[in-house]
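Protein chains in written order, with UniProt numbering: chain A, 1 to 311; chain B, 1 to 60; chain C, 1 to 358.
In this text, a Cβ means the ideal position worked out from N, Cα and C, and glycines have one as well.
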Amino acid sequence: MNKNLIIISERNDKSTNNVLEWLDYYDIDFERKNVDSDRSDFCIRISTQETTTSVSDCIVWNRRGYMSLLPTHLKKSEWIGYLKKEQFPVLATLEKSNPKNYIGSYVHELENNKLNNLQAAAKVGLEIPKTIVTNNKQDLLNFVEVNKKYITKSLVYSPFLEKKDCYYKGNGTIVVDFEKVSEYFAPSLIQEYIDKEIEIRIFFILDNFYAMAIFSQNDLKTQIDFRNYNDVSPNRCVPFELEATTLAKIKEFVSLIGCNSGSIDLILTPENKFVFLEINPMGQYHWLSESCNYYVDKHIAELLIEKVVYE
Amino acid sequence: MNNFIEEGFPLEFQQVQKVEKEQTILRNKKVMDIDFYQSNQITPQNFFKPISKIFKFEFD
Amino acid sequence: MSSIKKIKLFANCIPVKGAERSLICDLQRNRFDFIPNDLCEILILHEGKSTTEIKYIYKNLYDEIIDEYIDFLLEKEYVFFTHHPNWFPKMGLQWQDPFRINNAIIDVGENFEFEKILFELDSLKCKAVEFRFYDQKAIKIVNDILNYLQLKKSIISSVGFVLHYSEETTEHILNAIISNNSRVAYFVITNSPKNNFIKSLSNNVGYIIYTKDVVNDATHCGLITNMSLVINTKLFTESQHHNTCLNRKISIDKNGNIKNCPSMTESFGNIKDTTLEEALNHPNFKKYWHITKDQIEVCKDCEFRHICTDCRAYTENPEDQYSKPLKCGYDPYTNEWEEWSTNPLKQEAIEYYRLQGK
Chain A
1 MNKNLIIISE RNDKSTNNVL EWLDYYDIDF ERKNVDSDRS DFCIRISTQE TTTSVSDCIV
61 WNRRGYMSLL PTHLKKSEWI GYLKKEQFPV LATLEKSNPK NYIGSYVHEL ENNKLNNLQA
121 AAKVGLEIPK TIVTNNKQDL LNFVEVNKKY ITKSLVYSPF LEKKDCYYKG NGTIVVDFEK
181 VSEYFAPSLI QEYIDKEIEI RIFFILDNFY AMAIFSQNDL KTQIDFRNYN DVSPNRCVPF
241 ELEATTLAKI KEFVSLIGCN SGSIDLILTP ENKFVFLEIN PMGQYHWLSE SCNYYVDKHI
301 AELLIEKVVY E
Chain B
1 MNNFIEEGFP LEFQQVQKVE KEQTILRNKK VMDIDFYQSN QITPQNFFKP ISKIFKFEFD
Chain C
1 MSSIKKIKLF ANCIPVKGAE RSLICDLQRN RFDFIPNDLC EILILHEGKS TTEIKYIYKN
61 LYDEIIDEYI DFLLEKEYVF FTHHPNWFPK MGLQWQDPFR INNAIIDVGE NFEFEKILFE
121 LDSLKCKAVE FRFYDQKAIK IVNDILNYLQ LKKSIISSVG FVLHYSEETT EHILNAIISN
181 NSRVAYFVIT NSPKNNFIKS LSNNVGYIIY TKDVVNDATH CGLITNMSLV INTKLFTESQ
241 HHNTCLNRKI SIDKNGNIKN CPSMTESFGN IKDTTLEEAL NHPNFKKYWH ITKDQIEVCK
301 DCEFRHICTD CRAYTENPED QYSKPLKCGY DPYTNEWEEW STNPLKQEAI EYYRLQGK
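Structure below.
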């Protein structure tokens with residue numbers, strides 16, 4: 001008897017569509033729940049014997065977003081901030097009620113703590129950039145070395161501020177301009193700038209790891225942050241094969257932080273060292289799959305089907 | 001891209017860019033509903049090759 | 001670890017050898033460059049070696065030329081140097097598609113039952129369709145088709161139209177249709193007074209082409225020119241395994257006959273009493289789908305073979321299903337493009353297909 005397959009996503013997510021096409025090819029049923037358009041029933045039952053939830057016996061692929069649990073009439077309520085916060089422990093419990101068959105995680109995405117990740121990476125033996133987190137200029141100046149470059153990025157969330165006719169959003173990783181630093185500032189993360197030969201993006205889902213090399217150094221526009229895309233002449237993106245020791249460390253890392261799917265960014269230095277930068281639990285993989293002709297969508301469909309049929 | 005420093009704004013290091021809301025509305029305009037993908041909106045795409053070769057287009 | 005760097009092609013830059021010259025196909029940036037055959041040989045045989053090694057293999061007789069080649073390749077970003085060539089595998093050339101049919105040509109004739117046809121195409125989950133109207137009163141049917149697809153929330157999501165120039169096909173009218181219908185991929189207006197290309201507003205979807213070409217029926221199809229070359233991963237990889245025109249294609253000619261393409265003669269039933277599904281399941285329906293360019297005479301020696309869409313309907317030798325497309329004027333043995341229709345060697349085939357005077 002096949003298990004139910006639930007896919008949590010967003011209305012516009014192209015990768016999800018591609019996977020659904022393969023599920024249809026193999027004639028497998030699924031239920032799609034978009035965070036921005038669908039509402040889901042749920043229940044959690046807790047007793048002395050056990051905890052069961054409405055997803056305990058399903059296969060869930062949490063590709064993007066989360067299962068929206070609020071009724072429509074409350075979505076525009078003034079209480080929405082509070083209501084969303086109340087949802088959070090529910091989602092966490094739902095995820096944990098079926099760890100073997102819950103792929104991807106909104107909780108990990110929300111709580112993606114760069115500091116924890118850096119420490120976990122270091123623990124498994126991956127190189128990481130020297131990092132300081134501080135709120136005052138004195139400590140910062142004691143950390144930095146003369147003539148070296150430093151970058152800053154957000155700790156967890158990307159800056160976002162909504163106004164009436166516009167919004168402000170963060171620009172990703174940038175080089176620190178020490179001239180502009182005040183005496184005191186909000187907690188900020190500053191890291192040594194790592195010289196790149198190439199950047200490596202790895203997408204993984206369960207035990208499948210797909211790596212791509214991005215040659216961003218030939219282009220001044222993309223040198224610091226390859227997401228400042230050059231649309232005219234895109235960076236070279238090609239398949240990459242991680243050597244065994246590095247791959248083993250990456251696998252240990254994701255196991256340590258309890259993540260079964262996501263995107264990892266590494267830098268390969270001119271000295272041929274791999275340096276861990278960050279992990280995004282709900283990272284995009286479409287561009288990686290297309291550039292390298294990996295057919296990740298097909299593989300995802302196949303591993304979901306294996307669970308649906310054989311678990 | 002300018003440093004955005006407003007009184008009380010905490011993130012002095014970070015650069016932010018201002019996005020007018022109109023831009024995003026225009027960009028998202030072209031979507032279509034397709035039942036197959038279960039209540040989702042697809043943005044249109046070209047097929048990867050010409051379907052027929054019934055004309056030869058030459059620029060003047 | 002060796003301190004000598006080795007040369008590697010970027011995996012999406014793929015050399016293709018032709019009889020007299022070769023191409024490097026840049027599948028990522030959608031362009032190509034010509035390269036001499038000896039450079040192609042170096043890239044295919046000696047990728048992963050150092051410059052010194054390569055020069056030595058050619059007995060150091062061509063050192064200067066090899067340096068020039070490498071400068072060219074570096075400038076175009078086709079190659080890079082690395083200590084670890086084994087970290088950079090070749091791109092896999094597999095081609096997979098979850099849909100049994102992914103494109104269709106529908107020639108519109110009298111008694112065009114568009115609802116039935118659209119319903120069946122949707123059941124086959126065919127996403128891309130081209131409708132060719134020739135001299136029909138087109139715009140009303142175009143609107144009917146698009147409204148139906150929108151109403152049914154059909155999976156048919158990329159629709160192209162080939163129409164005759166008329167007072168209905170002004171830029172204004174066509175752009176109005178395009179802005180109200182996300183499914184419109186393009187309009188091609190034939191028999192126009194002038195050539196013109198109207199860019200689309202979003203992502204290249206919804207463009208308009210006006211062409212002076214006179215197109216009156218399906219016999220005008222099959223044209224292969226240097227303007228119709230397409231460089232992308234999907235086509236390149238499909239070309240390794242399948243026929244780049246007929247693979248996963250189904251068509252209906254203007255009389256309602258279901259065929260691989262409207263220009264072919266073999267019919268698998270009429271849409272009046274046969275479904276597309278039934279035609280697709282006919283044992284002979286897919287017989288051309290596996291014919292690749294590497295199996296076709298002349299094409300197998302052509303450097304453009306994997307960036308070209310083939311034609312099996314009109315071939316130089318109608319008796320030989322592996323002969324070169326009739327309407328391709330390129331000769332890979334001289335590297336020249338010529339007008340196919342006036343080529344004396346092609347006249348017999350032109351008569352056979354009754355293409356003369358069209």
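Taking the alpha helix (DSSP H) that residue i belongs to, which residues open and close that run?
{"i": "I117(C)", "result": "F114 to S123"}
{"i": "W95(C)", "result": "First-last for W95(C): undefined, no H or E at that position."}
{"i": "G81(A)", "result": "I80 to K96"}
{"i": "V142(C)", "result": "I139 to L151"}
{"i": "D63(C)", "result": "D63 to E75"}
{"i": "Y352(C)", "result": "Q347 to Y352"}
{"i": "N60(C)", "result": "Taken as a continuous stretch (DSSP letters only), N60(C) belongs to no alpha helix (DSSP H), as it is neither H nor E."}
Alpha carbon to alpha carbon, how far is residue i from residue j?
{"i": "K287(C)", "j": "R312(C)", "result": "11 Å"}
{"i": "L45(C)", "j": "P270(A)", "result": "27 Å"}
{"i": "S15(A)", "j": "N60(C)", "result": "51 Å"}
{"i": "N112(A)", "j": "R64(A)", "result": "14 Å"}
{"i": "N175(C)", "j": "Y207(C)", "result": "9 Å"}
{"i": "K76(A)", "j": "L70(A)", "result": "10 Å"}
{"i": "T225(C)", "j": "I35(C)", "result": "20 Å"}
{"i": "M1(B)", "j": "N143(C)", "result": "Bear in mind that the predicted position of M1(B) carries a pLDDT of just 32, short of 50, making it unreliable; the figure below should be weighed with that in mind. If I take the Cα positions, the gap works out to 45 Å."}
{"i": "F55(B)", "j": "D122(C)", "result": "27 Å"}
{"i": "I214(A)", "j": "I173(C)", "result": "44 Å"}
{"i": "I51(B)", "j": "E78(A)", "result": "52 Å"}
{"i": "N255(C)", "j": "D217(C)", "result": "12 Å"}
{"i": "K298(A)", "j": "E145(A)", "result": "48 Å"}
{"i": "T170(C)", "j": "I194(A)", "result": "57 Å"}
{"i": "N102(C)", "j": "K85(A)", "result": "45 Å"}
{"i": "F203(A)", "j": "S263(C)", "result": "45 Å"}
{"i": "D24(A)", "j": "P98(C)", "result": "8 Å"}
{"i": "S188(A)", "j": "V308(A)", "result": "44 Å"}
Please decide whether residue i counts as near chain A, where near means a Cβ-Cβ distance under 8 Å.
{"i": "F119(C)", "result": "no"}
{"i": "T237(C)", "result": "yes"}
{"i": "K56(B)", "result": "no"}
{"i": "S39(B)", "result": "yes"}
{"i": "I51(B)", "result": "no"}
{"i": "K30(B)", "result": "no"}
{"i": "E278(C)", "result": "no"}
Under 7 Å Cβ-Cβ, which residues of chain D neighbour residue i?
{"i": "D139(A)", "result": "Within the model displayed, chain D is absent; protein chains A, B and C are what it includes."}
Under a CB-based cut-off of 8 Å, is residue i close to chain C?
{"i": "E31(A)", "result": "no"}
{"i": "Q45(B)", "result": "yes"}
{"i": "D24(A)", "result": "yes"}
{"i": "C259(A)", "result": "no"}
{"i": "Y295(A)", "result": "yes"}
{"i": "N17(A)", "result": "no"}
Along the chain, where does the beta strand (DSSP E) containing residue i start, and where does it finish?
{"i": "S263(A)", "result": "S261 to L268"}
{"i": "E130(C)", "result": "A128 to Y134"}
{"i": "K8(C)", "result": "K6 to L9"}
{"i": "S9(A)", "result": "N4 to S9"}
Please confirm whether residue i has its beta-carbon closer than 8 Å to some beta-carbon of chain B.
{"i": "M227(C)", "result": "yes"}
{"i": "K346(C)", "result": "no"}
{"i": "C299(C)", "result": "no"}
{"i": "G104(A)", "result": "no"}
{"i": "T82(C)", "result": "no"}
{"i": "Y167(A)", "result": "yes"}
task: Identify every run of the alpha helix (DSSP H) within the stretch 154-188 of chain C, keeping only runs that are complete inside it and at least 4 residues long; order them along the chain.
output: Here the runs fully enclosed are 171-180.
field: Completely contained beta strand (DSSP E) runs for the UniProt domain "4Fe4S-binding SPASM" (246-303) of chain C, where each covers 3 or more residues
entry: Counting only runs that start and end inside the UniProt domain "4Fe4S-binding SPASM" (246-303) of chain C, the beta strand (DSSP E) elements of at least 3 residues fall at 249-252.
query: Given 8 Å as the limit, is there contact between the stretch 239-247 of chain C and the stretch 305-321 of chain C, that is, 3 or more CB pairs closer than that?
result: In the pairwise beta carbon analysis, the stretch 239-247 of chain C is classified as touching the stretch 305-321 of chain C: at least three pairs are separated by under 8 Å.
query: If we count Cβ pairs, one from each stretch, closer than 8 Å, do we get three or more for the stretch 285-302 of chain A versus the stretch 112-125 of chain A?
result: No, they do not touch.
- prompt: Is the number of C-beta pairs between the stretch 28-43 of chain B and the stretch 131-147 of chain A that are closer than 8 Å three or more?
  reply: No contact exists between the stretch 28-43 of chain B and the stretch 131-147 of chain A.
query: At a cut of 8 Å, does the stretch 31-51 of chain B reach the stretch 120-139 of chain C through at least three beta carbon pairs?
result: They touch, by the three-pair rule.
task: Write down every uninterrupted run of the alpha helix (DSSP H) in the stretch 153-206 of chain A whose length is 4 residues or greater and which is fully enclosed by it, in chain order.
output: List check, alpha helix (DSSP H) in window: nothing returned.
field: Given 8 Å, three or more beta-carbon pairs between the stretch 227-238 of chain C and the stretch 22-37 of chain C
entry: Segment contact: the stretch 227-238 of chain C against the stretch 22-37 of chain C, three or more CB-CB distances shorter than 8 Å; contact assigned.
message: Measuring CB atoms only, is the stretch 66-78 of chain C touching the stretch 91-109 of chain C, in the sense that at least three cross pairs come out at less than 8 Å?
response: Touching, no, given that fewer than three Cβ pairs across the two stretches are closer than 8 Å.
- prompt: Is it a yes or a no for the stretch 315-329 of chain C touching the stretch 284-303 of chain C, going by three-plus beta-carbon pairs under 8 Å?
  reply: With a cut-off of 8 Å, the stretch 284-303 of chain C and the stretch 315-329 of chain C count as touching, because enough Cβ pairs lie within range.
message: With three or more beta-carbon pairs closer than 8 Å as the criterion, would you say the stretch 198-212 of chain C touches the stretch 176-186 of chain C?
response: These segments touch.
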